[in-house]
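K.L.:
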């Protein structure tokens, strides 16, 4: 299986639990309607607060700026707006394709740019999955994951990305089981033919 196909399969497993039907519904990334991330949607689970592509996609789907602001703040009943996601499936799919390609390309570019040697495809896919979840804001400004991997002084593995998440991110410390689940999906799917 080609690397982009594996990455798509990983994101579907990690973001949607394997259920593509959830891509065209709004979901609450932190599960408590905190408004920190806003509602998410799509295969990539576009995060309205942290991923600028999310608002662009919703505008193209016909959402107004006030609706997008309410979705970001989680102050709107999403069941009233979800039919619009369904009717804009092709637009959302196109944005998902862009996001997936960007994450994988950025992971590969970061490895080249900072001379980080991935042990195998699973390691690169783990970095791309990390980027989809946390987003590297600028490739020319090293992210703290880049520093962590550079300090290893060896080729890095998917497990190194897991260890980084568990020790260096708030989410990893608070949700280690989810980080393990994501890691297991990356390793399993990376090994598929």
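In our numbering, the protein residues as written are 24 to 216. Note that beta-carbon positions come from the ideal geometry of N, C-alpha and C, so glycine has one too.
Out of 198, 29, 61, which one is the CA nearest neighbour of residue 92?
P.N.:
The residue with the shortest Cα to Cα distance from residue 92 is 61.
K.L.:
In this structure, does DSSP put residue 141 in helix, strand or coil?
P.N.:
Strand at residue 141.
K.L.:
From what residue to what residue does the alpha helix (DSSP H) around residue 190 run?
P.N.:
That run of the alpha helix (DSSP H) goes 181-191.
K.L.:
Can you give me the Cβ contacts of residue 24 inside the same chain, cut-off strictly under 7 Å, excluding the 5 residues immediately before and after it?
P.N.:
Same-chain partners within the cutoff: 215, 216.
K.L.:
Hey, is the segment 74-91 in contact with the segment 105-124, meaning 3+ C-beta pairs nearer than 8 Å?
P.N.:
Flag = yes, the segment 74-91 and the segment 105-124 touch.
K.L.:
Go through its chain and collect everything with a Cβ distance to residue 196's Cβ below 8 Å, but skip five positions before and after it.
P.N.:
For residue 196, where only same-chain residues beyond five positions count, the Cβ hits under 8 Å are 189, 190.
K.L.:
Measure from the alpha carbon of residue 94 to the alpha carbon of each residue in 48, 66, 135, 116, then state which is nearest.
P.N.:
If we check each option's Cα against that of residue 94, 48 comes out closest.
K.L.:
Under the three-state reduction of DSSP, which class applies to residue 125: helix, strand or coil?
P.N.:
Three-state result, residue 125: helix.
K.L.:
Would residue 75 be called buried (16 or more neighbouring beta carbons within 10 Å of its own) or exposed?
P.N.:
With fewer than 16 other Cβ atoms within 10 Å, it is exposed.
K.L.:
Determine, using beta carbons only, whether residue 119 and residue 85 come nearer to each other than 9 Å.
P.N.:
Taking 9 Å as the Cβ cut-off, residue 119 and residue 85 do not qualify as a contacting pair.
K.L.:
Considering only the alpha carbon of each residue, which of 204, 97, 150, 193 lies closest to residue 125?
P.N.:
If we check each option's Cα against that of residue 125, 150 comes out closest.
K.L.:
Using only the alpha-carbon positions, how far apart do residue 103 and residue 89 sit?
P.N.:
Each residue's alpha carbon lies about 14 Å from the other.
K.L.:
Roughly how many whole angstroms lie between the Cα atoms of residue 114 and residue 212?
P.N.:
Roughly 27 Å separates the two Cα atoms.
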